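In my numbering, the protein residues as written are 53 to 184.
Glycine included, C-beta positions come from ideal geometry on N, C-alpha and C.
Model, not experiment: these values are computed from the prediction.
Since the structure comes first, as structure tokens, the remarks are kept for the end.
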């Protein structure tokens, strides 16, 4: 199971997502703001990141931009309680893997993470085959 970083300024969201993803077998690290999230990302390099958009200080778009510059293959899932079509469009234009409104549809999130892990495993197998 993949390591997942969650960046969100709302403790209930961090706790709910952590419990949910840990119950699925993932290693979860959390951050309460963009700066803390980027520090953890640089250190841990998780392949999957969930980030809120609206946070004090720099927003989730800043995190998305930085992550994609440092590690373009990282799957960044954007979550927000202020969802609208413009935010979703902007997130996808910045190469977010998906956009979810709060409250999260955990079934859809679970399916997306399974799909991401399947793609990552496929890429690893293809990379290994090329190394032979």
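Query	Result
Could you say which of 164, 116, 162 and 125 lies nearest to residue 144 if we only look at CA atoms?	116
Just the Cα atoms here: how many angstroms apart are residue 132 and residue 177?	34 Å
Tell me, which residues are paired with residue 150 by DSSP?	129
Would you mind working out which of 161, 119 and 135 sits nearest residue 28, comparing C-alpha positions?	Nothing about residue 28 can be reported from this structure: the residues present for the chain run from 53 to 184 only.
Assuming residue 73 contacts residue 105 under a Cβ cut-off of 8 Å, what Cβ separation, rounded to an integer in Å, is found between them?	Going by Cβ atoms, the distance from residue 73 to residue 105 rounds to 19 Å, so no, they are not a contact pair.
Grouping DSSP H, G and I as helix and E and B as strand, with all else coil, what is residue 102?	strand
Among the residues of its own chain, which have a CB less than 6 Å from the CB of residue 151, if the five just before and after it don't count?	130, 140 and 143
DSSP three-state call for residue 66: helix, strand or coil?	helix
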